[in-house]
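S.K.: Input: one structure, supplied below.
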Ligand code: HPA
Ligand code: ZN
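Numbering (full-length UniProt numbering), first residue to last: 2 to 327.
Set out below in structure tokens:
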């Protein structure tokens with residue numbers, strides 16, 4: 002209980018958050034009504050009951066269905082501002098947010114409406130809450146390289162609002178190598194790079210993310226632990242891992258929270274951070290993630306502080322901004 006209030010009061014950064022995954026069932030219903038979109042649920046309880054996943058794809062099917070209620074610029078504003086309000090209450094002072102433009106442009110929503118709604122909320126969050134943010138655009142890896150190139154082209158007009166590119170969606174069967182040329186172009190345009198790797202995919206996908214995508218940060222990375230050479234390299238390069246404990250549990254990568262690898266990661270010298278991934282779907286925001294691992298892994302206050310400090314150090318803030326936050 003003592004550590005719980007320590008966690009709640011501690012200033013934190015979040016580095017792995019899909020804004021579409023912060024769509025709470027209440028807002029989903031409100032937007033469905035506002036936009037006249039049909040959703041296959043009669044009540045909030047029915048929605049929550051549907052959130053039982055046995056793997057990543059199970060979740061993604063529901064996640065893409067959920068985002069179908071997001072239509073207008075205002076919808077993206079409301080979604081983003083609701084997330085910022087929630088994490089501000091949790092003492093998150095900096096957050097780096099993923100968005101999946103292809104999940105929207107493929108439904109006929111203009112890229113401009115998506116990014117304008119999100120960034121207008123980020124600006125208001127900064128003014129109202131003092132929260133600082135970065136925006137990272139993810140490519141959906143189950144789609145083609147050509148589709149990713151066309152998405153990157155659209156992002157070039159918003160280069161000043163997007164700090165980096167990422168890679169998400171169905172990992173198995175879609176190795177990072179598929180997007181090596183897209184990332185090469187993105188990096189040349191000045192974007193930083195991150196990629197989901199080693200969530201369900203093998204260590205080889207982590208190697209490809211490092212060597213071919215030239216990532217600046219690794220999303221998940223759990224399966225790196227299967228390869229001692231890879232662990233040594235990640236430690237040596239001080240590559241940060243954005244770990245998402247409740248996500249790993251809900252998607253069944255980790256069967257019991259007591260088996261979660263994050264304490265092992267710290268003990269190995271890996272720069273692990275704590276994040277919520279898709280909080281509306283996985284049962285918790287950042288604080289709930291910290292509390293779950295603290296309780297199930299019996300973490301010490303020092304370990305909790307290391308995780309929080311890693312979050313600031315691994316952020317894409319300037320050295321001066323980091324200095325002010327730590
Ligand atoms: N993994 C891959 N793709 C995703 C996730 C995730 O955890 N969340 C939203 N898109
Ligand atoms: Zn993710």
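In this text, a Cβ means the ideal position worked out from N, Cα and C, and glycines have one as well.
Keep in mind it's a predicted model, so treat the numbers as computed, not measured.
Should residue 64 be counted as a contact of ligand 1 given a C-beta to heavy atom distance under 7 Å?
M.R.: Yes, since a heavy atom of ligand 1 falls inside the 7 Å radius drawn around the Cβ of residue 64.
S.K.: Does the stretch 25-35 touch the stretch 286-301, meaning 3 or more C-beta pairs lie closer than 8 Å?
M.R.: no
S.K.: Rounded to the nearest angstrom, how far is the Cβ of residue 243 from that of residue 264, given a contact under 8 Å?
M.R.: About 16 Å; that fails the 8 Å criterion.
S.K.: Figure out for me which residue from 118, 234, 82 and 314 has the closest Cα to the Cα of residue 162.
M.R.: 118
S.K.: Thinking C-beta only, is residue 207 closer than 8 Å to residue 191?
M.R.: no
S.K.: Report yes or no: do the stretch 53-72 and the stretch 4-18 share at least 3 C-beta pairs separated by less than 8 Å?
M.R.: With a cut-off of 8 Å on Cβ pairs, the stretch 53-72 is not in contact with the stretch 4-18, counting fewer than three such pairs.
S.K.: Can you tell which of 60, 24, 77 and 97 has its C-alpha closest to the C-alpha of residue 116?
M.R.: Of 60, 24, 77 and 97, the residue nearest in Cα terms is 77.
S.K.: Alpha carbon to alpha carbon, how far is residue 245 from residue 93? Give it in angstroms, no decimals.
M.R.: 16 Å
S.K.: Is the distance from the Cβ of residue 297 to the Cβ of residue 261 below 8 Å?
M.R.: yes
S.K.: Considering only residues of the same chain and omitting the five flanking positions on each side of residue 114, which have a CB-CB separation below 6 Å?
M.R.: For residue 114, where only same-chain residues beyond five positions count, the Cβ hits under 6 Å are 74.
S.K.: Helix, strand or coil: how does DSSP classify residue 214 here?
M.R.: In this structure, residue 214 counts as coil in the three-state DSSP scheme.
S.K.: By DSSP, does residue 42 sit in helix, in strand, or in coil?
M.R.: coil
S.K.: Could you tell me how far apart the beta carbons of residue 123 and residue 81 are, in whole angstroms, since I believe they sit closer than 8 Å?
M.R.: 7 Å
S.K.: Within the structure, which residues are defined as neighbours of ligand 1 by a Cβ-heavy atom distance below 6 Å, reported in chain order?
M.R.: 19, 22, 57, 64, 169, 170, 197, 200, 248, 278 and 279
S.K.: On the three-pair Cβ rule with 8 Å, is the stretch 252-259 touching the stretch 269-277?
M.R.: Fewer than three pairs of CB atoms, one per stretch, sit closer than 8 Å, so the stretch 252-259 makes no contact with the stretch 269-277.
S.K.: Using alpha carbons as the reference points, say which of 166, 160, 157 and 110 lies closest to residue 139.
M.R.: 166
S.K.: To the nearest whole angstrom, what separates the beta carbons of residue 193 and residue 317, a pair I think is in contact under 8 Å?
M.R.: 6 Å
S.K.: Report the partner residues of residue 329 according to the DSSP bridge assignment.
M.R.: The structure shown does not extend to residue 329, since the chain is modelled only from 2 to 327, so the question has no answer here.
S.K.: Quick check: what's the CA-CA separation for residue 169 versus residue 197?
M.R.: 6 Å
S.K.: Would you check if the distance between the CB atom of residue 308 and the CB atom of residue 274 is smaller than 8 Å?
M.R.: Yes; because the gap between Cβ atoms is below 8 Å, this pair is in contact.
S.K.: Look up residue 201 in the DSSP assignment and say whether it is helix, strand or coil.
M.R.: coil
S.K.: Let's see if you can read the secondary structure: which residues bound the alpha helix (DSSP H) around residue 187?
M.R.: 181-189
S.K.: For residue 284, I'd like the list of residues in its chain whose CB is within less than 6 Å of its CB, leaving aside the five on either flank, ordered along the chain.
M.R.: 247
S.K.: Pick helix, strand or coil for residue 74, following the three-state DSSP scheme.
M.R.: helix
S.K.: Within 10 Å of its beta-carbon, does residue 10 have 16 or more other beta-carbons around it, so buried, or fewer, so exposed?
M.R.: Burial call: exposed.
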